[in-house]
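J.: One structure coming up, written as structure tokens, with questions to follow.
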Amino acid sequence: MKRVLSLLVDNNPGLLSRVAGLFSRRGYNVDSITAGVTADPRFTRITIVTSGDELILSQIEKQLRKLEDVREIKVLDPDTSVLRELMMVKIRASASERSEAISLADIFHAKIVDVDGECLTMEVIGTQAKFEAFLKLLEGYEILELARTGLTGLARGIKGVKIFD
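Using the numbering used here, you'd call the opening residue of the sequence shown number 751 and step up by one each time.
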């Protein structure tokens with residue numbers, strides 16, 4: 751079972767390390783982890799995708815709640831949340847292959863972020879399913895490099911939004 755956790759935490763040095771350490775010390779699995787400052791610079795939002803059985807996932811939440819800098823934990827359900835990831839793909843593409851690659855990028859709303867004589871770098875934002883479909887269409891090209899950010903997300907709507915003073 752996978753679970754997406756959204757943590758709102760105090761923006762203190764070393765907190766991300768403590769969160770990651772909690773997972774490693776207990777042998778919990780982390781599929782992805784992202785962190786970034788929020789609109790209020792006092793806080794950071796950390797999105798963790800983790801997996802395990804119900805008991806393990808419950809333990810993870812309990813352990814995270816014990817950290818003093820954790821203000822809020824939300825479980826982000828894919829049906830009631832907006833979840834996204836960024837992927838950058840660099841493919842080998844000669845001048846004659848470029849127009850077809852650009853057409854594929856357009857279908858997936860990918861941006862061309864760099865063009866070189868021998869290659870093309872594209873940026874795609876979306877879900878894992880979108881990435882899998884995009885990569886399947888790129889099978890005719892040599893993928894030189896690929897980088898993914900990990901999942902980040904927010905619950906839909908205003909319900910449950912907390913303002914900290």
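Quick reminder that beta carbons are idealized off the backbone N, C-alpha and C, glycines included.
#1: If we call anything under 8 angstroms between Cβ atoms a contact, is R842 one with T800?
#2: Rounded to whole angstroms, what is the Cα-Cα separation between E892 and E847?
#3: Return the first residue and the last residue of the alpha helix (DSSP H) that L805 is part of.
#4: Which partner residues does M838 have in the DSSP bridge list?
#5: Since L758 and V832 are thought to touch, with beta carbons under 8 angstroms apart, how far apart are those beta carbons, to the nearest angstrom?
#6: For my contact list, M872 and K880 are in at a C-beta cut-off of 8 angstroms; report their separation, rounded to the angstrom.
#7: On the criterion of 16 or more Cβ atoms from any shown chain inside 10 Å, does K886 qualify as buried, or is it exposed?
#8: Looking at the secondary structure, which residues open and close the alpha helix (DSSP H) in which V769 lies?
#9: Which same chain residues end up closer than 6 angstroms to D819 when comparing Cβ atoms and leaving out the 5 residues on each side of it in sequence?
#10: Note the first and the last residue of the continuous alpha helix (DSSP H) segment covering K909.
#11: If you draw a straight line from the alpha carbon of M838 to that of K909, how long is it in whole angstroms?
#12: Assess, as a yes-or-no matter, whether the region 806-814 is touched by the region 780-795 under the definition of 3 or more beta carbon pairs within less than 8 angstroms.
#13: What is the rounded straight-line gap between the Cα of S782 and the Cα of L901?
#14: Measuring alpha carbon to alpha carbon, tell me which of I823, P828, Y778, A785 ends up nearest E804.
T.: With the structure as the only source:
#1: In this structure, T800 does not lie closer than 8 angstroms to R842 by Cβ.
#2: Cα-Cα distance, rounded: 12 angstroms.
#3: Unbroken alpha helix (DSSP H) run through L805: 804-816.
#4: Answer by DSSP bridge pairing, in chain order: E873, A897.
#5: Their Cβ separation, rounded to whole angstroms, is 16 angstroms, which puts L758 and V832 out of contact at 8 angstroms.
#6: That belief does not hold up - the Cβ atoms of M872 and K880 are roughly 13 angstroms apart, past 8 angstroms.
#7: Exposed, by the Cβ-count rule.
#8: Note, V769: alpha helix (DSSP H), 765-776.
#9: Only V759, D760, N762, L765 meet the Cβ criterion.
#10: Here K909 belongs to no alpha helix (DSSP H), and DSSP marks it neither H nor E.
#11: As the crow flies, the alpha-carbon of M838 is around 33 angstroms from that of K909.
#12: Output reads no: the region 806-814 does not touch the region 780-795.
#13: Answer to the nearest angstrom: the Cα atoms are 7 angstroms apart.
#14: When only C-alpha atoms are compared, the closest one is Y778.
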